[in-house]
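Student: Submitted below is the structure of interest, expressed as structure tokens.
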Amino acid sequence: MDYALLLVQTLNGVQLGLLLFLVASGLTLVFGILDFVNLAHGALYMLGAFICAWLTLALGNFLIAMVIAVPVTAGAGYLIERTVARPLYARDHLDQVLATFGLILVIDTMVHLVFGPEGIAVPLPAWLNGQLDFGANVILPTYRLLIIGFGILTAFGLFWMVTYTKIGMLIRAGASNRTMVSALGIDIQTLFAFVFALGAALAGLAGMLISPITEASIGMGNNIIITAFVVIIVGGIGSMKGAFIGAMLIGLIDTLGRSFLDTIFALFMSPAAAETSAPAISAMLIYIIMAAVLAVRPQGLFPPKAR
Amino acid sequence: MNRKTITGIVLLGLLAVLPPIFIATGNAFYVDLTTRLVILAIAATSLNLVLGYGGLVSFGHAAFVGIGAYAVGIPAYHGIYGGGELIASFNGFYHIALAVILSALFALITGAICLRTKGVYFIMITMAFAQMVYYLFISLETYGADDGLVIDLRSELPLVNLDKPLQMYYFAFVSLLAALLIVRTIVRSRFGMVLQGAKGNPERMVTLGYNIYLYRLAAYVISGAMAGYAGALLGNFTTFISPDMMDWHRSGELMFMIILGGAATTLGPLMGSAAFIVVEEILSHYTVYWHLPFGLMLIAIVLFARGGVMGIITGKDKS
Amino acid sequence: MSSLLSITGLNKSFGGIKATDDVNLDVLEGELHAIIGPNGAGKTTLISQLSGALPPDTGSIMFNGQDITRAPAYGRAKLGITRSFQITSLVKDMSVLDNIALAVQAKQGHSFRFLKPARSIAPLRDEALTHLDAVGLADRADAPTVNLSHGEHRLMEIAIALASDAPLMMLDEPMAGLGPDESARMVTFLKTLKGKRTIVLIEHDMDAVFALADRISVLVYGHIIATGTPAEIRSNSAVRQAYLGEED
């Protein structure tokens, strides 16, 4: 076994897991508190990436672009909450799913109109674009380490906010008992709008962080949203802790499965058979994990308390 | 008969006679369009059984369509004709049986898991399983991965030649009639009453002694099998299959067709498919950005007209 | 008389709160057994455990000599336990007759029958109509359920319980939300049922309870503090203190 590769791929898995957490946490917050299914969450991820990419090219600096793009994406989320989401809170999930599906078409096409059909590559500042050599064949791109660091910081920030701040207290209370929060005289509408914008900002941030690696492209949100669904299904819809553990689990399993499944398969089948079956199985791996979790716990690993 | 049923029957009548007229007037292109419409209507009708009558929001029906299409494409790619003297000369039986059986099997396995969950979990899980199939076919290099696979030879059936557009069309049209009849019979039967009761009030149905899980699973399998059949037709019609057929956007479109035409009505999915195809055709004629007005229209319909397009026509709101 | 339903040491807590606290109860065959108690005493929680909607934490439930503690809800219904709901639970978008016919159909074993239109099966419809007639709703048979009044919905609940032929009927506040006339009609109707079925009745309307019940159990904070005939309960000092004294 190539341990250097194992270490590198584990870190890649952690990186994917953290990005998934950023997307899934917003999704799970919006669902847990607003009882709203937002299919367009992935579109916000893409929107964040494009705004940041455009600003990077315009301003010449990726980090400044990000600082501006995050609140802009939050603003887009706020706008969506006001126009499309709010009238649908009282409706059933089918209506929410359909309307936000329409919203994806709208956002995708708008991005296409404004930024063109091609993806936008995002240049990194030189100091981020290098690699760090840790010896023993372990060479890591600086930027990936930055994503990991940034992801961990955001995750901590989010947990801190939900656990210790007043708004976090309201969010937790709102998730478990909506009527109680409004009975306390808190403006539930403002709280909802804030949560929606926060979710948009988190998704947008994830899109921005990944864009220097993959470039900002129109289809990018449509793939991550389903993986984020798998994350929150496994973790338990509405649970922050579940989103985090689910995201790390899925990130690691997916990344490691793709790189090592053929090696593992080769232990008990012919190399040729391993080579053909491994890609198929690794493509399905996270869904198989999801099915296994659901078979045992239909509410996910950390179902939130009764709402 | 209300205005909506009449509209639906008129539409069926038009579909029965229009294609030869298209050909006679040199508009063969429209035969392709109507064939696609009819095949999509079969898929939407199958989805209507679980979504409309069962209240189960399945967001993964495109996977069944895709499985059905690949069940035609992969044997054709290998030149497999299936066993048995009798059917060997008509590989179509083999292809269609394979499409139906495989998608039913997939529905049975995933349905058994999905139906243990409720509400939003069900939506997301059906979506995730469909995406699993999507990624599975993307990973299969042999069958073209994400580039897809061209089917060289269409399925062979007695009496019809699917290479002839008009015969292909009428084969699909008769299949649609059969699908409409099957779903209509099922929902009116005792089974159908239980399915609809479980949609309206699952708790009550359980209290009456119905194991609603099994009824829902049966409906899900029937629906999946029918969607797989539609997929086999689609593969034969386009002679090109790709994982894109199973993209979750396709599932979303099928759902929208049902909502457009009116869920839990016999002809609703057909009318919805027709509205969908026509709007798509007109909008995409004017602009490459047709998804923008299309998406706005979808949002507007959900926000302002709960009864669907037909609700607008009949002036009645479902709520 | 032998006991039809026998509950031993039943416990159920939600978080730290004991909703059912060591409940022991025997419901005798053919009796009308009322369960009363102040709001939040855990009456509906108890019924939900008996019908299988909620699993108990510990304890056992025997029905007709058979242990049903872990049986699924649909299985208990098949064995012969039916319940009505405190909050009306009907299939609102179906017709009144359809609702009752589904209850009749449930007795046929299974309904994996795909061909014949259910609404054209005369025995199903006729029997359903008889039950509707019994509660005086025959003329509303074809109306959409959603159009009926609250009182009529309560009667539909009873018709469904009748249609099930279940030996044990559990009625969760059938009088809830009814006006005085409708309540009186319900009491009269329940009287005609007495003796034909075993009935567990949860009810807040004390006049109705004392008029109907053969025996009464008093549930306070999830625990049964007394069981006895209406006269015994009326004179029980613990009950007076814990419960009846609070009533206006």
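Residue numbers (the working numbering), protein chains in the order written: chain A, 27 to 333; chain B, 13 to 331; chain C, 69 to 316.
C-beta: ideal position from N, C-alpha, C; glycine also.
Since C/His291 sits in a beta bridge, which residues does DSSP pair it with?
Tutor: For the purposes of this step, residue 291 of chain C is taken as residue 223 along the third sequence, with counting starting at 1. DSSP lists C/Val288 as partners of C/His291.
Student: From C/Gly133 to A/Val322, what does the alpha carbon distance come to, in whole angstroms?
Tutor: Here residue 133 of chain C refers to the residue found at position 65 of the third sequence. Here residue 322 of chain A refers to the residue found at position 296 of the first sequence. So the two alpha carbons sit approximately 32 Å from each other.
Student: Residues of chain A with CB closer than 8 Å to the CB of B/Gly131, please, in chain order.
Tutor: Against the second sequence, residue 131 of chain B aligns to sequence position 119. Within 8 Å Cβ-Cβ: His119.
Student: If you scan the segment 86-133 of chain C from start to end, which runs of the beta strand (DSSP E) of 3 or more residues do you find wholly inside it?
Tutor: Listed in chain order, they are 100-104 and 126-131.
Student: With a threshold of 16 other CB atoms inside 10 Å of the CB of C/Asp240, please say whether the residue is buried or exposed.
Tutor: Indexing the third sequence from 1 puts residue 240 of chain C at position 172. Burial call: buried.
Student: For a contact defined as C-beta to C-beta under 7 Å, what are the partners of B/Thr277 on chain C?
Tutor: Locating residue 277 of chain B in the second sequence gives position 265, where the first residue counts as 1. Result: empty, since nearest Cβ-Cβ is about 13 Å, beyond 7 Å.
Student: List the residues of chain A whose Cβ lies closer than 9 Å to the Cβ of B/Gln208, in chain order.
Tutor: The residue you call residue 208 of chain B lines up with position 196 of the second sequence. Here the premise fails: no neighbours, minimum Cβ distance about 16 Å.
Student: Establish whether the CB of B/Ala190 and some CB of chain A are separated by less than 8 Å.
Tutor: Locating residue 190 of chain B in the second sequence gives position 178, where the first residue counts as 1. False, the Cβ-Cβ gap to chain A never drops below 8 Å.
Student: Does the pairing of the segment 72-84 of chain B with the segment 149-166 of chain B give three or more beta-carbon distances under 8 Å?
Tutor: The segment 72-84 of chain B vs the segment 149-166 of chain B: in contact.
Student: Looking at the C-beta of B/Tyr147, does it have a partner C-beta in chain A at a distance below 8 Å?
Tutor: As a working note, residue 147 of chain B is residue 135 in the second sequence. B/Tyr147 counts as touching chain A.
Student: With distances taken between CB atoms, is the gap from A/Asp343 to A/Leu114 smaller than 8 Å?
Tutor: Because chain A here runs from 27 to 333, residue 343 of chain A falls outside it and cannot be looked at.
Student: Take A/Val256 as the anchor and find which of A/Ile197, A/Ile244, A/Gly103 and A/Ala318 has the nearest alpha-carbon.
Tutor: In the first sequence, residue 256 of chain A corresponds to position 230, counting from 1. Minimum Cα distance to A/Val256 is reached at A/Ala318.
Student: What are the boundary residues of the beta strand (DSSP E) that includes C/Phe82?
Tutor: As a position in the third sequence, residue 82 of chain C is number 14, starting the count at 1. Residues Ser71 to Phe82.
Student: Check C/Ile136 in the structure and name its three-state DSSP category.
Tutor: In the third sequence, counting from the first residue as 1, residue 136 of chain C sits at position 68. Of the three classes helix, strand and coil, the one that applies to C/Ile136 here is coil, per DSSP.
Student: If we count the other Cβ atoms within 10 Å of its Cβ and call it buried at 16 or more, is A/Gly142 buried or exposed?
Tutor: Taking the first sequence and counting its residues from 1, the one referred to as residue 142 of chain A is at position 116. By the 10 Å Cβ count, A/Gly142 comes out exposed.
Student: What is the rounded straight-line gap between the Cα of B/Gly96 and the Cα of B/Ser70?
Tutor: As a position in the second sequence, residue 96 of chain B is number 84, starting the count at 1. As a position in the second sequence, residue 70 of chain B is number 58, starting the count at 1. Any reading at B/Gly96 must be qualified, since the residue scores a pLDDT of 48, below 50, and its modelled position is unreliable; no value is offered.
Student: Of all the residues that make up the segment 267-280 of chain C, which are near chain B by a beta-carbon distance shorter than 7 Å?
Tutor: Under the 7 Å Cβ criterion, the segment 267-280 of chain C contributes no residue.
Student: Given that B/Met205 touches chain C, what residues does it touch there, using C-beta distances under 9 Å?
Tutor: For the purposes of this step, residue 205 of chain B is taken as the residue at position 193 of the second sequence. Under the 9 Å cutoff, chain C gives Met162, Asp166, Ala169, Leu170, Gln173, Ser179, Ala186 and Arg187.
Student: When you compare only the Cα positions, how much space is there between B/Met257 and B/Ser151?
Tutor: For the purposes of this step, residue 257 of chain B is taken as the residue at position 245 of the second sequence. For the purposes of this step, residue 151 of chain B is taken as the residue at position 139 of the second sequence. Approximately 15 Å between the Cα atoms of the pair.
Student: What runs of the alpha helix (DSSP H), each 4 residues or longer, lie entirely inside the segment 219-258 of chain C?
Tutor: Counting only runs of 4 or more, we get nothing.
Student: How would you write the range of the alpha helix (DSSP H) that B/Ser235 sits in, first residue to last?
Tutor: In the second sequence, the residue the question calls residue 235 of chain B occupies position 223. First-last of the alpha helix (DSSP H) with B/Ser235: Ile224 to Thr250.
Student: At the 8 Å Cβ level, is B/Ile198 part of the contact set with chain C, yes or no?
Tutor: Your numbering for residue 198 of chain B matches position 186 in the second sequence. Chain C contact via Cβ: present.
Student: Determine which residues share a DSSP beta bridge with C/Ser152 and list them.
Tutor: Here residue 152 of chain C corresponds to residue number 84 of the third sequence, with the count starting at 1. Answer is C/Leu239.
Student: Could you round the C-beta distance between A/Gly261 and A/Ala269 to whole angstroms and report it? I think they count as a contact, below 8 Å.
Tutor: If you number the first sequence from 1, residue 261 of chain A lands on position 235. If you number the first sequence from 1, residue 269 of chain A lands on position 243. A/Gly261 to A/Ala269, Cβ: 5 Å. Contact.
Student: Answer with buried or exposed for A/Asp280, where buried requires no fewer than 16 other C-beta atoms within 10 angstroms of its C-beta.
Tutor: Position 254 of the first sequence holds residue 280 of chain A. By the 10 Å Cβ count, A/Asp280 comes out buried.
Student: Starting from the Cα of A/Met92, find the closest Cα among A/Pro305, A/Ala232 and A/Val137 and give me that residue.
Tutor: Within the first sequence, the letter at position 66 stands for residue 92 of chain A. Comparing Cα-Cα distances from A/Met92 to each of A/Pro305, A/Ala232 and A/Val137, the minimum goes to A/Ala232.
Student: Under 8 Å between the Cβ atoms of B/Ala184 and B/Trp260?
Tutor: For the purposes of this step, residue 184 of chain B is taken as the residue at position 172 of the second sequence. For the purposes of this step, residue 260 of chain B is taken as the residue at position 248 of the second sequence. No; because the gap between Cβ atoms is not below 8 Å, this pair is not in contact.
Student: Quick test of your reading: B/Leu52 and B/Ile234, contact by CB under 8 Å. State the CB separation rounded to the nearest angstrom.
Tutor: As a position in the second sequence, residue 52 of chain B is number 40, starting the count at 1. As a position in the second sequence, residue 234 of chain B is number 222, starting the count at 1. Actually they do not touch by this definition, with Cβ atoms about 19 Å apart.
Student: Alpha carbon to alpha carbon, what distance is there between A/Asp134 and B/Glu265?
Tutor: Walking along the second sequence from the start, residue 265 of chain B turns up at place 253. Walking along the first sequence from the start, residue 134 of chain A turns up at place 108. If I take the Cα positions, the gap works out to 16 Å.
Student: Taking the beta carbon of A/Leu320 as the centre, do at least 16 other beta carbons fall within 10 Å, making it buried, or is it exposed?
Tutor: Against the first sequence, residue 320 of chain A aligns to sequence position 294. Buried, since its Cβ has 16 or more Cβ neighbours within 10 Å.
Student: Let me confirm a value: C/Ser166 is counted as buried when at least 16 other C-beta atoms fall within 10 Å, else exposed. Which label applies?
Tutor: Within the third sequence, residue 166 of chain C is the residue found at index 98, counting from 1. A small correction: the amino acid at residue 166 of chain C is Asp; Ser does not occupy that position in the sequence shown. So C/Asp166 counts as buried.
Student: Taking the alpha carbon of A/Met274 as the reference point, which residue from A/Leu45, A/Tyr29, A/Leu31 and A/Leu33 has its own alpha carbon closest?
Tutor: The sequence position of residue 274 of chain A within the first sequence is 248, counting from 1. With distances taken between Cα atoms, A/Met274 lies closest to A/Leu45.
Student: Which of the three DSSP states is assigned to A/Ile244 in this structure?
Tutor: To locate residue 244 of chain A, count along the first sequence from 1; it is residue 218. A/Ile244 falls in the coil class under three-state DSSP.
Student: Helix, strand or coil for C/Gly263 per DSSP?
Tutor: One-based indexing of the third sequence puts residue 263 of chain C at position 195. Residue state, collapsed to three classes: coil.
Student: Could you give the distance in angstroms between the alpha-carbon of A/Leu81 and the alpha-carbon of A/Met234?
Tutor: Taking the first residue of the first sequence as position 1, residue 81 of chain A is located at position 55. Taking the first residue of the first sequence as position 1, residue 234 of chain A is located at position 208. Answer to the nearest angstrom: the Cα atoms are 11 Å apart.
Student: Can you give me the C-alpha to C-alpha distance between B/Arg202 and B/Ile194, rounded to a whole angstrom?
Tutor: Translated into the one-based positions of the second sequence, residue 202 of chain B becomes position 190. Translated into the one-based positions of the second sequence, residue 194 of chain B becomes position 182. About 14 Å.
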